[in-house]
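From first to last, the protein sequence lines stand for chains A and B. Position one of the first sequence corresponds to residue 1 (UniProt numbering), numbered consecutively onward. Position one of the second sequence corresponds to residue 1 (UniProt numbering), numbered consecutively onward. We put the CB at the ideal spot given by N, CA and C, even for glycine. Contents: one structure, followed by commentary.
Number of protein chains: 2
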Amino acid sequence: MASSEPNAALARGRREAWWKIRLFRGMANDVRRRAPFYLSDWVDAWDYRVVPATIYMYFANILPALAFSLDMFTKTHMQYGVNEVLLASVLGAVVFSVLACQPLVIVGVTGPITVFNYTVYDIISPRGTNYLAFMCWISLWSLVFHWLLAVTNACNGLRYVTRFPCDIFGFYVAFIYLQKGIQVLSRLGDAEPFYLSIFIGLSVFVVAYICGEIGRGSLFKHPVRVFLKDYGTPLTVIFFTGFVHIGRMRNVSLEVLPTGIAFEPTDGTRSWLVRFWDISVGDVFLAIPFAVLLTILFYFDHNVSSLIAQGTEFPLRKPAGFHWDIFLLGLTTGVAGILGLPFPNGLIPQAPFHTESLCATELVKDSSDDGDDDDAAAAAAATGLPSAGGSGSGVDDEGGEFKGHPRNTVHARVTHVVEQRVSNLAQGLLTLGTMSGPLLVVIHLIPQAVLAGLFFVMGIQALEGNGITAKILFLVRDVSLTSRSHPLKNLPRGQWPIWGFVAVELVGFGATFAITQTVAAVGFPVFILLLIPVRAWLLPRFFLSQELAVLDGPTASPFTMESVGGNYGEPKEDPLGGGPDASQGRPGAGGLFGSGMATVVPCENPSAINLRSRSREDLAELGESSDGRGPVVIEMQPTAVSPARTGIHNRRGQAGSSGGGGMGRTH
Amino acid sequence: MASSEPNAALARGRREAWWKIRLFRGMANDVRRRAPFYLSDWVDAWDYRVVPATIYMYFANILPALAFSLDMFTKTHMQYGVNEVLLASVLGAVVFSVLACQPLVIVGVTGPITVFNYTVYDIISPRGTNYLAFMCWISLWSLVFHWLLAVTNACNGLRYVTRFPCDIFGFYVAFIYLQKGIQVLSRLGDAEPFYLSIFIGLSVFVVAYICGEIGRGSLFKHPVRVFLKDYGTPLTVIFFTGFVHIGRMRNVSLEVLPTGIAFEPTDGTRSWLVRFWDISVGDVFLAIPFAVLLTILFYFDHNVSSLIAQGTEFPLRKPAGFHWDIFLLGLTTGVAGILGLPFPNGLIPQAPFHTESLCATELVKDSSDDGDDDDAAAAAAATGLPSAGGSGSGVDDEGGEFKGHPRNTVHARVTHVVEQRVSNLAQGLLTLGTMSGPLLVVIHLIPQAVLAGLFFVMGIQALEGNGITAKILFLVRDVSLTSRSHPLKNLPRGQWPIWGFVAVELVGFGATFAITQTVAAVGFPVFILLLIPVRAWLLPRFFLSQELAVLDGPTASPFTMESVGGNYGEPKEDPLGGGPDASQGRPGAGGLFGSGMATVVPCENPSAINLRSRSREDLAELGESSDGRGPVVIEMQPTAVSPARTGIHNRRGQAGSSGGGGMGRTH
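Right, dumping it as structure tokens:
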């Protein structure tokens, strides 16, 4: 409560030394900024978009939750099951939808936390320790650490979280998904059920994937496409759950998802309240290092989920609040521990999907070709380097994404996001209803093979949207078939920096993934955390600032980052020598984990891309950006991009004019 | 031998009444035209392209042959097996490579002939008749009928074979493939081998399909892409043949491809010479109706294969000769019958693949955007209807074909085709070598599931290239996402003619496919043949000529059609009111069975399409074209199209100037 006016506080903060931590300032400012919108968060829910968003999020949330529950059920010997996972989702949904500063963020059980849970189980249970009591103590210590982070404004560190660690984390999570899918299948023996399960798992993947592709393509009318994209995966799960009962498959008995009794813990012998006092004092303190690791994981994972759910592609009008939400996350972690639930935190990709599903759109006629060509020329000019030829003939399409939309005649423009708390709360209550007897019976019918297929879908979709994947695809692409104006093609030192950057990313991923295969798996959050200083202090020694500007980018816009004091390394002077354009920063909209590079990916239409580099007053408190190193911001104006994938229209003119200086038309 | 000069003969033929058949004239003219090139057909083979073409064709030919041999082995109770199918391929290759007027046409055992063979088996074997002797008599009668067709210049009827019956036939063949793949799998019981086989079959399909997609995309350097496209399928077969022996799959014994003794007939009790005298006289004459059906099938199938292998997308310089080749086909049919082999005929898609693999290319820099836009404007103008807007902003990409090549900076241009006889002969001799003991042992390792996957690959690839598929995709595409200048979008009566035309095509396909499921399957060639008069006389009553001009098109260019007296319905006056452009006719290059509509399909780049309608002196002898009804010719200049898929550069200026009159630039 240091200041009566947040902006004044921010301005004053810049003048202060970084080590003078003003306790509670972040949380207080978050609440101050958000409180005026609280009533509107409920009133604004009176909008049709809330209905499909709720139904969509229910399925998008519960299906992975079921897959994770199967994974934990097996690996923790029934300590966690479907009911625990569902109740954790309900807990997260209720607390965050009602109390959070960022109610759009969907909270639930993630892949990394399941890895954490069963690794702790592997370490602790041979000691004879009561597992759930130990987990409870982890949660209680973690609650303390979360609150310490919240009170000391530790989320200000988010300014260093660029796309680089996010991409590596996303890549890691994707491979965890794929591995889990294979593990589910490989547990099924070697007889008929095994091979039938492989067939079913692959079929679920292929069908759900094709539904997603159609949703992004140009086949069928817009409502059909949206329906397939939104409900393709649930319908695929339902279909294949029934499919295995036809023909000669009827005679094969498949392993199904184990479920318990309605509203009861999976381990029938305990009550919801964990007997956390039933543990030795030594084990209570042994829980501290685990709690530290958990806190690191949640600090990173939850905040990144929040950042991406409030990415620049969404025209949000209500302020973010990271400090307050990390405080809430400590609360839910503690409660979950006491109830013996896996700890919920921010979900990727569900959180950004939620924001996307709340986007209200309007149909807009495309501008004429002349205007489009102008933009393409601007795109070429924005790289700041002499174009290889006189032609602004376009920007590489990166392998056919949005392949159906090369030349739209109309497109959907996002006018606003229905920012409210009801859809998050409602999907949580639906999940609570799923814990009732009849629905548990239905869930019990789902073959494990279908859930394996679901893991494959999640893994491949996460890989597709990843910035590392995008860079690798660029590198293996035939160089004669990529556009001359592609930013990655105009680096002064050629392709080697890209190879180097991707190599660093893959080493980071490989180390994290490798440790997950050992009993030290519980330490993987440390690896993720280490990536942030690697990016901030190590990489600038080997890469030029303009290379890093193209290879990396900020995760969220200054509007969202206001809660944490702005972005890291916003350059005072544009390192690529762009014009006097001063529009707002726009990082990648290419995918959930897309890098800055990915911003130029999804647009097949050269007219759709509006690359602008611009200078902007540096908000960072630490003065790191004065060396001019740091991500350049690539603005994307996705006029022809499928709204199904990216959202999206950006906020124009929110922080400056959008006129491009010195961007002549080249043809 | 009616005339000493073919062109003079042709000119004279136009003045004669159609019923005055000049016997032997077609054959004689074919030989006269081709003979001067015979020596060069061997000398020209001194070219590197012949080596990869030979290896590629060997695999492209033998893998489907093995799949068909499995099918016939099962359904004719070992009368036909691997050795018979291989020897039939060898027979066709040797005879046609050495003697044919069209040595590029690959001849072997096709899907339709396997249907014919086992249907005859189902009809004849319950009567106690010696099956192979009966087949021999069919072949001998058919030899007579083929020679009658050749002598009476019956191939002149090919001018009526537009894309309409070809598309339906191709659609039919594709579904036969898919059905055969399912049949192979469904014969494998319901235990572990069954489900493992489904998994393997689907995996073969997916991996081979992805290899093909990469071959057409922009990932990897050009040589890698070409390698994957050419050898992806054989390598997939080899990989999965080994794959089933690793891990826990080792314990599952899979059904493999049955093979016999090297160079011996599969039925070990007989010699290669069929005891065709060992049959009742009644059965000899019963063979006549079957021989008629076989002749109809071959007349259509072989000639269509030849037409497509010499499509307009290939810049051929040596003349075609349909009459002579149908005479040769009678010969090989008779010989195959006497040896107890399935009868070989022209193979789709292998024949056009062969021509494609012999294309020599050079790298060309793209022209400037201005020129490209001109072409796009010409494309819009060529529809002859007022454009909906002032923008020539491009032509619909039809669902992402060639998705990796939207804006090339360089492209490969086909300079010429290495027209020679050696690659066809060599791949035939390689096939002969495969009948030796060691290689038969290798072939015996291939699981049936892998061959099922091969059927799926062939079926889906055939469907993808089909003109019916292209039209259906256009119809289900979101109308707001297709280009205003798409020819199908500018029909005066809207979309209904397209629905109607597709409905007629699907009814034709459905009737043919339905009869194949019955014991009357042997009659399916009649349905295919009936489609030709339906197109020529029935459809013009319901469709406007300009609709048919867009919905249908000729199969081959006038250069190829010179052997049969030119194309049907080449309009004297362009029905769409094009300019005085008199360039040569160019039908669809969109796929193996692509319709005229498909010509505009593969070009994502608006600059790549050069649509020109033009008037041309009518060569048809029958005067049918004077009513102005008939296919308009759509010229395609695929400057930016992947050479991997279409070939291809067309012959410019071979029959006139290529200047477009009245084609203003619209933006």
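Inset, instruction - Please name the residue, chosen from B:Val144, B:Leu86 and B:Pro265, that lies closest to Met78 (chain B) on a Cα-to-Cα basis. - result: B:Pro265
Legend entry - Residue-chain proximity (His245 (chain B), chain A), Cβ-Cβ < 8 Å: No - not a single Cβ of chain A is within 8 Å of the one on His245 (chain B).
Legend entry - Cβ-Cβ separation, Gly553 (chain B) to Arg163 (chain B) (assumed contact under 8 Å), whole Å: 5 Å
Inset, instruction - Find the nearest neighbour of Val504 (chain A) within the set A:Ile124, A:Ala549, A:Asp478 and A:Leu531, judged by alpha-carbon distance. - result: A:Leu531
Legend entry - With 16 other Cβ atoms within 10 Å as the buried cut-off, status of Glu362 (chain B): exposed
Inset, instruction - Kindly indicate if chain A contains any beta-carbon less than 8 Å away from that of Phe524 (chain B). - result: no
Legend entry - Three-way DSSP call (helix, strand, coil) for Glu362 (chain A) in this model: strand
Legend entry - Under 8 Å between C-beta atoms of Val90 (chain A) and Leu425 (chain A): no
Legend entry - Within 9 Å of chain B by C-beta, residues of the stretch 464-487 of chain A in sequence order: Leu473, Val476, Arg477, Asp478, Val479, Ser480, Leu481, Thr482, Ser483 and Arg484
Inset, instruction - Kindly indicate which residue of B:Arg32, B:Phe263, B:Gln420 and B:Phe243 has the alpha-carbon position closest to the one of Pro438 (chain B). - result: B:Phe263
Inset, instruction - Return the Cβ separation of Val550 (chain B) and Leu491 (chain B) in integer angstroms, given the expectation that the two are a contact with Cβ distance under 8 Å. - result: 7 Å
Inset, instruction - State buried or exposed for Leu538 (chain A), treating a residue as buried only when at least 16 other CB atoms are found within 10 Å of its CB. - result: exposed
Legend entry - Identity of the residue in B:Val50, B:Asn156, B:Phe559 and B:Ile198 nearest Leu23 (chain B) by Cα: B:Asn156
Legend entry - Proximal residues of chain A, C-beta to C-beta of Leu219 (chain B) below 8 Å: The contacting residues are Gly399, Leu473, Val476, Arg477 and Asp478.
Legend entry - Against chain B: residues of the stretch 230-263 of chain A by CB proximity under 7 Å: Arg248 and Asn251
Legend entry - chain A contacts from the stretch 171-204 of chain B (Cβ-Cβ distance under 7 Å): Asp190, Ala191, Glu192, Tyr195, Leu196, Ile198, Phe199 and Leu202
Inset, instruction - Kindly identify the DSSP beta-bridge partner or partners of Gly346 (chain B). - result: Residue pairing for Gly346 (chain B): DSSP places it in a beta bridge opposite B:Val107.
Legend entry - Short CB-CB distance (under 8 Å) between His146 (chain A) and chain B: Answer no: the Cβ-Cβ gap between His146 (chain A) and chain B never drops below 8 Å.
Inset, instruction - Please list the residues of the stretch 295-329 of chain B that have a C-beta atom closer than 9 Å to any C-beta atom in chain A, keeping them in chain order. - result: Those would be none; no residue qualifies.
Legend entry - Beta-carbon proximity of Leu358 (chain B) to Ala60 (chain B), cut-off 8 Å: No, the Cβ-Cβ distance between Leu358 (chain B) and Ala60 (chain B) is not below 8 Å.
Inset, instruction - Inspect the beta-carbon positions of Ala452 (chain A) and Gly201 (chain A) and report whether they are closer than 8 Å. - result: yes
Inset, instruction - Kindly say whether His416 (chain B), judged by its beta-carbon, lies nearer than 8 Å to any beta-carbon of chain A. - result: no
Inset, instruction - Compute the Euclidean distance between the alpha carbons of Val534 (chain A) and Asn303 (chain A), then round it to the nearest angstrom. - result: Approximately 19 Å, taken between the alpha carbons.
Legend entry - Where His77 (chain B) meets chain A, residues with beta-carbon distance less than 7 Å: Those do not exist, as His77 (chain B) stays about 25 Å from chain A at its closest Cβ, beyond 7 Å.
Inset, instruction - Measure how close the beta-carbons of Ser557 (chain B) and Thr312 (chain B) come, nearest whole angstrom, since I'm counting them as under 8 Å. - result: Yes, Ser557 (chain B) and Thr312 (chain B) are in contact; Cβ-Cβ is about 4 Å, under 8 Å.
Inset, instruction - Give the range of the alpha helix (DSSP H) segment to which residue 754 (chain A) is assigned. - result: It is not possible to answer for residue 754 (chain A), since the shown part of chain A is limited to 1 through 667.
Inset, instruction - For Ser271 (chain A), count neighbouring C-beta atoms within 10 Å of its own C-beta (all shown protein chains included) and say buried if the count is 16 or more, exposed if not. - result: Classification for Ser271 (chain A): exposed.
Legend entry - Closer than 9 Å at the beta carbon, the chain B residues around His354 (chain A): Correct list: empty, because the minimum Cβ distance to chain B is about 25 Å.
Inset, instruction - Classify Gln517 (chain B) as buried or exposed, calling it buried when 16 or more other Cβ atoms lie within 10 Å of its own Cβ. - result: exposed
Legend entry - Residue burial classification, Asp71 (chain B) (beta-carbon count within 10 angstroms, cutoff 16): buried
Inset, instruction - Entirely within the stretch 119-188 of chain B and at least 4 residues each: give me those alpha helix (DSSP H) ranges in chain order. - result: 131-151 and 163-186
Inset, instruction - Determine which residues share a DSSP beta bridge with Ala412 (chain B) and list them. - result: BP columns for Ala412 (chain B) point to B:Leu363.
Legend entry - Cβ contact check for the stretch 415-429 of chain B and the stretch 311-325 of chain B: 3 or more pairs under 8 Å: In short, these stretches touch, since the Cβ pair count reaches three.
Inset, instruction - Below 8 Å on the Cβ atoms is my guess for Gln350 (chain B) versus Met57 (chain B); work out the distance and round it to an integer in Å. - result: 7 Å
Legend entry - Inter-residue spacing [alpha-carbon to alpha-carbon] between Phe455 (chain B) and Ser125 (chain B): 27 Å
Inset, instruction - Please confirm whether Ile338 (chain B) and Cys166 (chain B) have their CB atoms less than 8 Å apart. - result: no
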